[in-house]
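These protein sequences, in sequence, are chains A and B. For the first sequence, this note's numbering gives the first residue as -16, with consecutive numbering after it. For the second sequence, this note's numbering gives the first residue as 10, with consecutive numbering after it. Ideal Cβ placement from N, Cα and C applies to all residues, glycine included. Right, one structure below, let's go through it.
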Amino acid sequence: MDNITQKLMQKSESTKKDSLGKMISLAALILIVIVVVSIFAFVMSRGLSTFITGGVHVKDFLFGSTWNPSVVNPQTKQPYIGALPMIIGSFLVTFLAAIIATPFAIGTSLFMTEIAQKRGAKIMQPVIELLVGIPSVVYGFIGLTVVVPSIRHIFGGSGFGILSGTIVLFVMILPTITSMTVDTLKSVPRHYRESALAIGATRWQMIYKVVLRAATPGILTAIVFGMARAFGEALAVQMVIGNAALMPHNLISPASTLTSVLTMGIGNTVMGSLQNDVLWTLAMILLLMSLVFNLIVRAIGRKGEMK
Amino acid sequence: MNKTIVGVIGGVVVIAAGVAIYTNANSGKSTAKNEASKASSTNLSGKVLSLGSTALQPLAEQVGTSFQEKNPGVTITVQGGGSGAGLSQVASGSAQIGNSDVFAEEKEGVDASKLKDHQVAVVGIAPVVNSDVQVANISKEQLRDIFTGKITNWKSVGGKDEKIVVINRATGSGTRAVFEKNVLDGQNAVQSTEQDSNGTVQKIVSTTPGSISYLAFAYLDASGIKALNIDKVTPDKKNVEDNSWPIWAYEHMYTKGEPTGATKAFLAYFTTKDVQKTIVPKLGYIGLTDMKVTRDATGKVANK
């Protein structure tokens, strides 16, 4: 009798393992949270010091159109640090790339899930996975040696600009959007399709009126993820966009993005100087934007839940 | 059972990572200590981290390799990162040597009084154009007007009717600072395409018709580009040596205070006649021993 009581009171082997597992997962979680929080804190403290210790007005930074941090404006006694050209450049390439990539991505994923499932899985799946794995410097190099000269031949100018950036980004985000759209389309319940077909819909009517409607929130999420990738891409864009901190007047004149200015400038400035701080402020904007993209994805997920 | 295995493996990974980070941080500290103690001994050994300017990087790597062959106990690590990074890393003490294309006095945010300058070579810089441009000589005023955006067509400087495409280096780049200091006379450059290295500029000028930029002498020998003469002076080694070609700069290696041990020996080795007469010219730089003039941080030139 005593023996049984003792056994019941003691922690069993499995209970110990259970608590060990719990502790390990908790430790991993805490580590990641610390990393994320410290990255945020670091970028924020650096980025905000432009405004706090540098004395720059937020308005001048966000809406000024002249970027030349090493030159001081004689009127305001502040360097020229208007970030608007880069902010506009970043948003333009991101939206244009997403607009071009979306129809291709939806078309490809419909082909893979609804029209030719077997061939789709056999050929398209590996192709898309391959595209995801290509390093961005390779995309950039192809852009520099193929896309830029072609644009120059067709439209004139130097070939560097928003258009070249858009084309390179389009290829880069296509696999991201496609693979996520495929997952969404696959998760549309089978009985939706069966019901549509049963009441006499053609395959196209089924796809258009039922499958795509049901998958809309998922597809939107896929597009936002693709945009987040385009917004943060640095190397490939930097190689083809021309890196001129000018307001983009058309799609084929040199422009710049937040990331391209960051990678170009960070090695040439000294930590702690205003020239360096403004680059951290650009990094802060990038970080905040990725936060916004995340919130959009969550909002879409919540609103669009299938009932 | 499976779950426990996964749990155990996961745990081991997490713990191993933690231990690795911890020991790494520790070993970093201990090597720094070792280095300090070793550096003071006469038997030369230790680690030297030299980082910064990408223009100086190939030369520093070559000289570093040759120095290590003679002193097997010393490890010289050369990294890029840009002149700004070089100066701030050496000032903060995380690198022994900070490489820079410009004087520390010229760089904002650096306390130059704490750094000791070691000039190791001279680099000449020349304006380059795409080979379709039918201009071979240009005046300094015309060159300035092109880079400040006043002249926008090659027709105005004796070429054919073709738009000028200005390609700059990134703001804060050492090469750009040297070029602007000697050509623009304090005026601001026109906002234009910017590229982040000599190599990219070379590639883009050679493929973009009507383009103009500037390159270190070591990069001039490439198809599709040609260097311009300024006021009938050819950009070559001889003209830099007596300052008749004005666009040149010292390559600096900065140390925090007086260098010691391996760092000191490495810097001394860099300025030996042997290195200055062989490796330096071979890589397209100009040896200090060949220079007939000197120049200080304010730009004042004096005969040697």
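In three-state terms, what does DSSP make of residue i?
i, result
"residue 198 of chain B", "coil"
"residue 114 of chain B", "helix"
"residue 282 of chain B", "helix"
"residue 277 of chain B", "helix"
"residue 341 of chain B", "What is shown of chain B runs 10 to 313, which leaves residue 341 of chain B out entirely."
"residue 264 of chain B", "strand"
"residue 122 of chain A", "helix"
"residue 151 of chain B", "helix"
"residue 221 of chain B", "strand"
"residue 161 of chain A", "helix"
"residue 281 of chain A", "helix"
"residue 191 of chain A", "helix"
"residue 167 of chain B", "coil"
"residue 55 of chain A", "strand"
"residue 210 of chain B", "helix"
"residue 301 of chain B", "coil"
"residue 108 of chain A", "helix"
"residue -15 of chain A", "helix"
"residue 398 of chain B", "Only positions 10 to 313 of chain B appear in the structure, and residue 398 of chain B is not among them; the question remains open."
Using a cut-off of 7 Å between C-beta atoms, extract the partners of residue i located in chain B.
i, result
"residue 256 of chain A", "117, 118"
"residue 132 of chain A", "216"
Can you tell which of the options has the C-alpha that lies nearest to the C-alpha of residue i?
i, options, result
"residue 90 of chain A", "A:233, A:258, A:165, A:7", "A:165"
"residue 229 of chain A", "A:104, A:66, A:32", "A:66"
"residue 271 of chain B", "B:295, B:125, B:105", "B:105"
"residue 259 of chain B", "B:195, B:295, B:125", "B:295"
"residue 123 of chain B", "B:267, B:136, B:275", "B:267"
"residue 178 of chain B", "A:280, A:247, A:261", "A:247"
"residue 200 of chain A", "A:163, A:185, A:176, A:212", "A:163"
"residue 275 of chain A", "A:-1, A:11, A:212", "A:212"
"residue 319 of chain B", "B:285, B:137, B:282", "With chain B covering 10 to 313 only, the question about residue 319 of chain B has no answer from this structure."
"residue 195 of chain B", "B:133, B:156, B:241", "B:156"
"residue 32 of chain A", "A:256, A:129, A:99, A:280", "A:256"
"residue 199 of chain B", "B:216, B:210, B:222, B:132", "B:222"
Rounding to the nearest angstrom, what Cα-Cα distance links residue i and residue j in this structure?
i, j, result
"residue 34 of chain B", "residue 13 of chain A", "At residue 34 of chain B the pLDDT is 43, less than 50, meaning the model places this residue with poor confidence; the figure from the coordinates comes in the next sentence. Taking the straight line joining both Cα atoms gives about 20 Å."
"residue 301 of chain B", "residue 217 of chain A", "44 Å"
"residue 4 of chain A", "residue -7 of chain A", "19 Å"
"residue 44 of chain A", "residue 58 of chain A", "16 Å"
"residue 95 of chain A", "residue 284 of chain A", "24 Å"
"residue 204 of chain B", "residue 310 of chain B", "30 Å"
"residue 293 of chain B", "residue 96 of chain B", "24 Å"
"residue 110 of chain B", "residue 64 of chain B", "7 Å"
"residue 124 of chain A", "residue 188 of chain A", "42 Å"
"residue 181 of chain A", "residue 170 of chain A", "20 Å"
"residue 122 of chain A", "residue 84 of chain A", "16 Å"
"residue 77 of chain A", "residue 87 of chain A", "16 Å"
"residue 173 of chain B", "residue 163 of chain B", "6 Å"
"residue 129 of chain B", "residue 74 of chain B", "16 Å"
"residue 152 of chain B", "residue 146 of chain B", "10 Å"
"residue 7 of chain A", "residue 21 of chain A", "21 Å"
"residue 170 of chain B", "residue 197 of chain B", "26 Å"
"residue 158 of chain B", "residue 87 of chain B", "38 Å"
"residue 182 of chain B", "residue 58 of chain B", "21 Å"
"residue 304 of chain B", "residue 76 of chain B", "28 Å"
"residue 179 of chain A", "residue 145 of chain A", "43 Å"
"residue 66 of chain B", "residue 126 of chain B", "17 Å"
"residue 106 of chain A", "residue 198 of chain A", "23 Å"
Find the residues of chain B that neighbour residue i, judging by a C-beta separation of less than 9 Å, and give them in chain order.
i, result
"residue 346 of chain A", "Because chain A spans -16 through 290 in this model, residue 346 of chain A falls outside it and cannot be assessed."
"residue 55 of chain A", "What residue 55 of chain A touches in chain B: nothing, since even the nearest Cβ is about 10 Å away."
"residue 51 of chain A", "180, 197, 198, 200"
Name the chain A residues that come within less than 8 Å of residue i, Cβ to Cβ?
i, result
"residue 225 of chain B", "Chain A residues near residue 225 of chain B: none, gap ~16 Å exceeds 8 Å."
Since residue i meets chain A, which of its residues come closer than 7 Å, beta carbon to beta carbon?
i, result
"residue 179 of chain B", "247, 248, 251"
Can you list the residues of chain B that residue i reaches, using a CB-CB cut of under 8 Å?
i, result
"residue 172 of chain A", "Within 8 Å Cβ-Cβ: nothing; residue 172 of chain A doesn't reach chain B, min ~31 Å."
"residue 237 of chain A", "201, 202"
Taking only beta-carbon atoms, is residue i less than 8 Å away from chain C?
i, result
"residue 53 of chain A", "Looking at the structure shown, chain C is missing, and the protein chains on hand are A and B."
Closer than 7 Å, Cβ to Cβ, to anything on chain A: give me those residues from the stretch 182 to 216 of chain B, in chain order. 182, 197, 200, 201, 202, 203, 204, 205, 216
Members of the stretch 138 to 169 of chain A near chain B, C-beta cut-off 8 Å: 141, 142, 143
Residues, ordered as in the chain, of the stretch 240 to 254 of chain A that lie near chain B by beta-carbon distance below 8 Å: Those residues of the stretch 240 to 254 of chain A that come within reach of chain B (Cβ to Cβ, closer than 8 Å) are 246, 247, 248, 249, 250, 251, 252, 253, 254.
Mind checking the stretch 75 to 94 of chain B against chain A and listing, in chain order, the residues whose C-beta falls within less than 8 Å of any C-beta there? 89, 90, 91, 92, 93, 94
Could you name the residues of the stretch 206 to 232 of chain A whose beta carbon sits closer than 7 Å to any beta carbon of chain B, in the order they occur along the chain? Per Cβ criterion, the list reads 225, 226, 227, 228, 229.
Give, in chain order, every residue of the stretch 164 to 179 of chain B whose Cβ lies closer than 8 Å to some Cβ of chain A. Identification of residues in the stretch 164 to 179 of chain B having a C-beta nearer than 8 Å to some C-beta of chain A yields 174, 179, given in sequence order.
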